Amino acid sequence: MAKDYAEIEQEFIAGLKGQTGKDLAEWMALISGKAFANKNDTIDWLRLQGFAFNWASWLERIHANGGVPLYADKPAAAVVKKAPAPRETKPEKTEKAASVAPTPVTAVSRPVARAPAAEAHNSDVALQTLIAAAKGYQPLYRLLASEIVRAVPGATLTAAESYICVGNPKEFAGIETGAKGLRLALDLGDRPFAPPLQPSKLATAPKRLSHMIVLDDARKVDAALMDLVRAAAARVNT
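Per the numbering used here, the sequence shown runs over residues 24 to 261.
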């Protein structure tokens with residue numbers, strides 16, 4: 024069975040001290056001390072320290088999350104098991120506890136990750152499979168997904184045949200994942216194919232997702248890209 028993000032993150036954090044000589048808290052302090060202007064500067068510096076892009080991006084996101092691991096939250100079921108039982112010597116507290124209906128474990132048994140809103144769709148097995156196809160670029164996918172949701176509030180990401188459909192509610196973009204990077208296709212009508220835009224190569228996406236941008240670095244997920252995303256969303260949904 025494939026490891027989930029929480030397990031991957033836990034193993035990564037646990038191995039930091041042995042592999043780099045510094046634990047998570049020390050890396051967070053170093054990043055804070057540098058006072059980088061933006062996330063790209065942070066990632067670039069971490070890569071100079073020997074981190075691969077995906078781990079550099081992951082550390083940057085943890086730092087942006089206040090130094091708290093993105094998947095630090097525990098399942099509610101586990102919390103319930105650790106909760107102390109009411110003391111028999113204080114029946115009034117027991118009575119109060121009994122008056123509150125417990126939350127069904129089946130409804131909240133999954134971890135609530137500190138991740139972008141787009142990650143809420145990750146329970147979909149088909150979507151998980153497409154995200155996993157990004158391999159080392161999964162952190163880049165998560166960054167792109169979170170920025171799209173910020174740029175277009177209400178946008179949703181769902182699994183299509185061989186790509187991730189982005190809609191609000193109508194489809195205005197598609198993301199194809201792969202081991203060499205991401206392909207973001209946008210519905211931009213007759214906009215010229217000026218760099219970084221090129222004709223879309225998403226095989227199973229609608230032809231109206233005509234423009235494509237290849238993403239292999241977090242620095243490409245910038246304000247200019249989000250302007251294009253907003254333009255595509257507005258074109259389709261207004």
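Using N, Cα and C, we set each Cβ at its ideal position, and we do this for glycine too. None of these values were measured; they are calculated from a predicted model.
Pairwise C-alpha distance: residue j and residue i
{"i": "VAL237", "j": "LEU207", "result": "6 Å"}
{"i": "LYS45", "j": "PRO215", "result": "49 Å"}
{"i": "VAL91", "j": "LEU69", "result": "18 Å"}
{"i": "GLY204", "j": "ASN191", "result": "24 Å"}
{"i": "HIS234", "j": "GLN151", "result": "25 Å"}
{"i": "SER132", "j": "GLN33", "result": "Interpretation of SER132 is limited by its pLDDT of 32, a score under 50 that renders its predicted location unreliable; the figure taken from the coordinates is listed afterwards. Cα to Cα, the separation comes out at about 19 Å."}
{"i": "ASP239", "j": "THR261", "result": "31 Å"}
{"i": "ASP27", "j": "HIS86", "result": "21 Å"}
{"i": "ARG84", "j": "ALA226", "result": "32 Å"}
{"i": "ARG258", "j": "ILE171", "result": "15 Å"}
{"i": "LYS57", "j": "ASP67", "result": "12 Å"}
{"i": "ASN77", "j": "THR65", "result": "13 Å"}
{"i": "LEU166", "j": "ARG231", "result": "25 Å"}
Residue i burial status per 10 Å Cβ neighbour count (16 or more: buried)
{"i": "PRO107", "result": "Legend: pLDDT at PRO107 = 44, less than 50; position of this residue unreliable, value from coordinates given subsequently. Answer is exposed; the Cβ neighbour count stays below 16."}
{"i": "VAL252", "result": "buried"}
{"i": "GLU30", "result": "exposed"}
{"i": "ALA130", "result": "Bear in mind that the predicted position of ALA130 carries a pLDDT of just 34, short of 50, making it unreliable; the figure below should be weighed with that in mind. Exposed, by the Cβ-count rule."}
{"i": "SER122", "result": "Here the model assigns SER122 a pLDDT of 40, short of 50, so the residue's position is not dependable and the matter cannot be decided."}
{"i": "GLN161", "result": "buried"}
{"i": "GLU199", "result": "buried"}
{"i": "GLU184", "result": "exposed"}
{"i": "SER146", "result": "Residue placement at SER146 is poorly supported in this model, since its pLDDT is 43, which falls under 50; the coordinates still yield a value, given next. SER146 is exposed by the Cβ-count criterion."}
{"i": "ALA256", "result": "buried"}
{"i": "ALA60", "result": "exposed"}
{"i": "ALA157", "result": "buried"}
Whole-number beta carbon distance between residue j and residue i, since they are thought to touch under 8 Å
{"i": "TYR186", "j": "GLY197", "result": "5 Å"}
{"i": "SER55", "j": "ALA241", "result": "With 8 Å as the limit, SER55 and ALA241 do not qualify as a contact, their Cβ atoms being about 19 Å apart."}
{"i": "ASP210", "j": "PHE195", "result": "5 Å"}
{"i": "LEU153", "j": "ALA168", "result": "About 11 Å separates the two Cβ atoms, so there is no contact after all."}
{"i": "ALA155", "j": "ALA182", "result": "No, ALA155 and ALA182 are not in contact; Cβ-Cβ is about 12 Å, not under 8 Å."}
{"i": "GLY159", "j": "ALA37", "result": "Not a contact, Cβ separation roughly 20 Å."}
{"i": "LEU47", "j": "LEU39", "result": "6 Å"}
For residue i, the nearest candidate out of the options (CA to CA)
{"i": "ALA174", "options": "ALA228, GLY73 and ASP245", "result": "ASP245"}
{"i": "LEU71", "options": "VAL189, LEU248, THR43 and ARG84", "result": "THR43"}
{"i": "PHE35", "options": "ILE66, ALA226 and TYR94", "result": "TYR94"}
{"i": "ASN63", "options": "TYR28, SER223, LEU82 and GLU184", "result": "LEU82"}
{"i": "GLY177", "options": "LYS193, PHE74 and GLY159", "result": "LYS193"}
{"i": "LYS229", "options": "PHE74, VAL189 and LEU220", "result": "Position check: residue 229 holds Pro in this sequence, whereas Lys was assumed. Cα-wise, what sits closest to PRO229 is VAL189."}
{"i": "LEU248", "options": "PRO218, THR227 and PRO222", "result": "PRO218"}
{"i": "ASP250", "options": "LYS224, ARG231 and LEU220", "result": "LEU220"}
{"i": "LYS243", "options": "ASN88, LEU163 and SER223", "result": "LEU163"}
{"i": "GLY89", "options": "TRP78, TRP50 and VAL259", "result": "TRP50"}
C-beta neighbour in chain C for residue i, strict 8 Å
{"i": "ILE85", "result": "Among the chains in the structure shown there is no chain C, since it carries only a single protein chain."}
To test your reading of the DSSP string, which unbroken beta strand (DSSP E) runs of 3 or more residues are found completely within the segment 151-217?
179-182, 187-190, 194-201 and 204-209
Just list the beta strand (DSSP E) runs in the segment 211-257, keeping only unbroken ones of 3 residues or longer that don't cross its boundaries, in chain order.
234-238
Scan the segment 42-72 and note each continuous alpha helix (DSSP H) run of 4 residues or more that stays entirely inside, going in chain order.
47-57 and 62-71
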